[in-house]
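Enquirer:
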Amino acid sequence: MHKQMNDFPHLRAVSDKDAYDFVKSQSLLWVQAIEEEIKNGKTPEEILDWWANEYGRDKMATRIFHAARHIFRERSGGK
């Protein structure tokens, strides 16, 4: 169940790479968890929905989303 992007006002405020670097600096385990979820077929939007349901719609949710997008693009050849 993907939430509307309007529910996350910070989504356009940070680049994917910057968010990835920030998340990685906070917890390598978070990056590994995101990588595993993507490997298992989750999209960045699904990862955002999960984080928001567990922890709320905050700036960290935004960073998790952008980090997931960065990882997703890296795994799919930068597309």
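For what it's worth, numbering that gives the first Met the number 0 labels the leading residue of the sequence shown as 0, then goes sequentially.
Virtual Cβ for every residue (Gly too), placed ideally from N, Cα, C.
Only a predicted model underlies this, so the values are computations on that prediction, with no experimental measurement involved.
Considering just the uninterrupted stretch of the alpha helix (DSSP H) at serine 24, what are its terminal residues?
Expert: Per DSSP, serine 24 belongs to the alpha helix (DSSP H) from 15–25.
Enquirer: For the alpha helix (DSSP H) containing lysine 58, name the first residue and the last one.
Expert: First-last of the alpha helix (DSSP H) with lysine 58: 58–74.
Enquirer: Could you tell me the boundaries of the alpha helix (DSSP H) in which asparagine 52 lies?
Expert: It spans 43–54 - the alpha helix (DSSP H) in which asparagine 52 sits, taken as one unbroken run.
Enquirer: Mark aspartate 15 as exposed unless 16 or more other C-beta atoms lie within 10 angstroms of its C-beta, in which case mark it buried.
Expert: Flag for aspartate 15 reads buried.
Enquirer: Classify tyrosine 54 as buried or exposed, calling it buried when 16 or more other Cβ atoms lie within 10 Å of its own Cβ.
Expert: Exposed, because fewer than 16 other Cβ atoms sit within 10 Å of the Cβ of tyrosine 54.
Enquirer: If alanine 18 and isoleucine 46 are in contact, beta carbons under 8 Å, what's the gap, nearest whole angstrom?
Expert: Wrong, their Cβ atoms sit about 12 Å apart, outside the cutoff.
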